[in-house]
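Offset between the sequence shown (1-based) and our numbering: plus 15. Cβ atoms here follow ideal geometry from the backbone N, Cα and C, with glycine treated the same way. All values derive from a computational prediction rather than experimental measurement. Data block below; observations after.
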Amino acid sequence: MNNPFKLLGISDDVVNAVTDLGFENPTPIQEQAIPVLLEGSNDFVGLAQTGTGKTAAFGLPLIELIDFKLNKPQALILCPTRELCLQIASDIKNYSKNISGASVVAVYGGANIMQQLREIRNGVQIVVATPGRMLDIIGRKAIDFSSVKYVVLDEADEMLNMGFQEDINEILSTTPDDKKTWLFSATMPPEVRRIAKNYMDNPTELTMGTKNTGNVNIEHEYYMVRARDKYAALKRIVDFNPEIFAVVFCKTKLDTQDVAEHLIKDGYNADALHGDLSQQQRDKVMQRFRDRNMQLLIATDVAARGIDVNNVTHVINYSLPDEIESYTHRSGRTGRAGKTGISICIINSKEVGKIRQIERIIGKQFTKAELPTGFDVCEKQLFSLIHKVNNVEVNESQIEQYIPRIMDEFGDLSKEDIIKRFASLEFNRFLEYYKNAPDLNASADDRGERGVRGERGERGSRSSEGYTRLFINLGSVDDFTRGDLLSFVCNNGKISGKNVGKIDLKGVYSFFEVENEAVDSLFNNFKGIEFNNRGVRIEKSGDAPVSSERGERRSGGGGYGGGGGRRDGGSGERRSYGGGGRREGGNSGGGFRDFSGRSRDDKAGSGRREGGSGDRRRRS
Ligand code: AMP
16 MNNPFKLLGI
26 SDDVVNAVTD
36 LGFENPTPIQ
46 EQAIPVLLEG
56 SNDFVGLAQT
66 GTGKTAAFGL
76 PLIELIDFKL
86 NKPQALILCP
96 TRELCLQIAS
106 DIKNYSKNIS
116 GASVVAVYGG
126 ANIMQQLREI
136 RNGVQIVVAT
146 PGRMLDIIGR
156 KAIDFSSVKY
166 VVLDEADEML
176 NMGFQEDINE
186 ILSTTPDDKK
196 TWLFSATMPP
206 EVRRIAKNYM
216 DNPTELTMGT
226 KNTGNVNIEH
236 EYYMVRARDK
246 YAALKRIVDF
256 NPEIFAVVFC
266 KTKLDTQDVA
276 EHLIKDGYNA
286 DALHGDLSQQ
296 QRDKVMQRFR
306 DRNMQLLIAT
316 DVAARGIDVN
326 NVTHVINYSL
336 PDEIESYTHR
346 SGRTGRAGKT
356 GISICIINSK
366 EVGKIRQIER
376 IIGKQFTKAE
386 LPTGFDVCEK
396 QLFSLIHKVN
406 NVEVNESQIE
416 QYIPRIMDEF
426 GDLSKEDIIK
436 RFASLEFNRF
446 LEYYKNAPDL
456 NASADDRGER
466 GVRGERGERG
476 SRSSEGYTRL
486 FINLGSVDDF
496 TRGDLLSFVC
506 NNGKISGKNV
516 GKIDLKGVYS
526 FFEVENEAVD
536 SLFNNFKGIE
546 FNNRGVRIEK
556 SGDAPVSSER
566 GERRSGGGGY
576 GGGGGRRDGG
586 SGERRSYGGG
596 GRREGGNSGG
606 GFRDFSGRSR
616 DDKAGSGRRE
626 GGSGDRRRRS
């Protein structure tokens, strides 16, 4: 009775349908837009990001306003891409499933036009279309728009970006003058303003979120690397996020293909999506991504338009978009439906200015993030594995028969030994891969070569002026927070908190800065200090032989059995690498990703150039 959608004015049939979809409460945009649109008497401009529930915001009022007894097109929804077109049509079919006689047709390019014409002939009230195919059908005089009361222009900025302005003009000229136009756009460049002015009469304007602002659920980060380290940086970001499910944006089809091919070769579960693929190929790629049989979708801006996949954890801008406005669309692929997401830019020092421009547009600040060290990655992967082991579902009946033999094998080992060996199995592999991994972070004044290789440099040994950066063999795995570490250092080192600068808490170790004058006394006071029966080591970060710790771990076992990750997760094993990936038997010397050593510093350089016009429009 008190269903919040009902309170907004939505009828029972539609409320029941959205309840079936799991919509319990309207999203903010729905709450604001539905009552206004239900009046049906105004033009409307809504500034809203994708993923905010925009489709239902216009779809539900549209359904309420349509006369489903009349078998003629009464609503036309135009959108930029086939993917979005199919998505909207499917959503509206779902919302109207309890209404008898309701008919929705999707009209888009790359599919059989005869089928679409047949559906139109059979009678339809809501047409969802991409502009190119719509115009084609209008040209064939196969549709009568004389009863159209509502036109929705969804993702108007995208349609203009794709060059559909003239098509839209032509299509709209075939609809009655007294129709109402509802325009939705994530950004409001002057061209969209112009449409609003030309086609609309005193529209009601709603801004969902801040104007031109990215989704509040999205955090924005940038990593600064030398141009030649971009690909290695991408891999490191992915490795540091074992559960990543990401869209990686490249500027050109060629880059997209190159990056995808390199990732695939390196054992990642990735594929490319760009305009040179046939529709069938694109559908296949998208299906794999949707089903989470693929972890990294490498895409161009155009190809990724309208991608509506929930739970994308990261958007990675492998290259920044030429048009800054496109950044909003890219980042909008994550943080959908109330989820949080991270949008990452991998840039070189010359591109910081562009980041500042984007900040102005999205009204949010970027965090400058440091690429994790190889050791950080190893640690993260290790604990991800441990976590998975802890949560794995054991198939008791299947494993039972092997238990006696396993117990036999492990009979002489303590529980601790077994755990150590088991963990080393993965950890050694990661260490092997990352043992000499260079620091990939570039500084703003980096002119290319920094020459800092190896672990010390990798750990970022530069300290703030007047401070010395120190290493300590305690970190978050010892349940330390930054505050805990500060108290520990101050209490034992007999220094004041004011003497301590930046604290960089890692896993099994951390770094902290101490004023130069306080360093000697800190070292003296720390002699013989233990934590949990373990000697505490503090060393100057620039010269500490931390490798002793690593050496021990590394020596725990040599080989890593098994090949690189499997590319195609056809059987639902979507992560082919890292902790949880499957190992393909018999392929010794492989292992975690690229163990050939060839591509640690690899750049996506080669790769085939695909033909194609590069024509951005008329994909519909
Ligand atoms: P959209 O912005 O229309 O692409 O919607 C993004 C996602 O949010 C889609 O998966 C919708 O099914 C979902 N969604 C939309 N409205 C609601 C709601 N009120 N409650 C829960 N999920 C919703």
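By the beta-carbon neighbour count (other beta carbons within 10 angstroms, threshold 16), P257 is buried. With fewer than 16 other Cβ atoms from the protein chains shown falling within 10 Å of its own Cβ, K84 counts as exposed.
Runs of the beta strand (DSSP E) lying entirely within the region 505-562 and spanning at least 3 residues, in chain order: 515-520, 525-530, 553-555. Proximity to R307 across N548, D337, G498, I259 peaks at I259, based on C-alpha coordinates. Classified as buried, E79 has 16 or more neighbouring CB atoms from the shown chains inside 10 Å of its CB. Measuring C-alpha to C-alpha distances from P76 to each of A48, K517, L249, K365 identifies A48 as the nearest. Between V207 and L175, the gap from beta carbon to beta carbon is short of 8 Å. For G61, the enclosing beta strand (DSSP E) begins and ends at 59-62.
Counting along the chain, K195 sits inside the beta strand (DSSP E) bounded by residues 195-200.
Taking the Cα positions, L292 is about 27 Å away from G350. Relative to the non-hydrogen atoms of ligand 1, the Cβ of T65 comes within a distance shorter than 7 Å of at least one. In this structure, K521 keeps its C-beta atom at 8 Å or more from the C-beta atom of E528.
A direct Cα-to-Cα measurement between E394 and V262 gives close to 25 Å. Runs of beta strand (DSSP E) with 3 or more residues, each lying fully within the region 122-176, are found at 141-144, 165-168, listed in chain order. Residue range 389-406 is occupied by the alpha helix (DSSP H) that includes G389. The count of Cβ pairs closer than 8 Å, one atom from the region 233-241 and one from the region 352-363, reaches three, so the stretches are in contact. A distance below 6 Å between beta-carbons, with the five flanking residues on each side excluded, links G116 to the following residues of its chain, in chain order: F83. The region 369-381 makes no contact with the region 244-257: fewer than 3 CB pairs, one atom from each, lie closer than 8 Å.
Secondary structure of G498 (DSSP, three-state): helix.
In the structure shown, the three-state DSSP call for H329 is strand. For A211, the uninterrupted alpha helix (DSSP H) segment begins and ends at 205-214.
Around the beta carbon of K245, 16 or more other beta carbons lie within 10 angstroms, which makes this residue buried. For G125, the CB contacts under 7 Å within the same chain, skipping 5 residues up- and downstream, are R97, Q294 in chain order. Cβ neighbours of A457 within its own chain (closer than 8 Å, five residues either side excluded): M239, V240, R241, D244, N363, S364, R465.
Contact between K69 and I44 holds, since their C-beta atoms are separated by about 6 Å, short of 8 Å. Taking the C-beta atoms as reference points, V166 is found nearer than 8 Å to T196. Per the coordinates, the alpha-carbon of Q64 lies some 26 Å from the alpha-carbon of D286. Here the distance from the Cβ of F38 to the nearest heavy atom of ligand 1 is below 7 Å. According to DSSP, residue pairing for T382 in a beta bridge involves E236. DSSP lists G61 as the beta-bridge partner residues of L221. In this structure, the alpha-carbon of P387 lies about 33 Å from that of R297.
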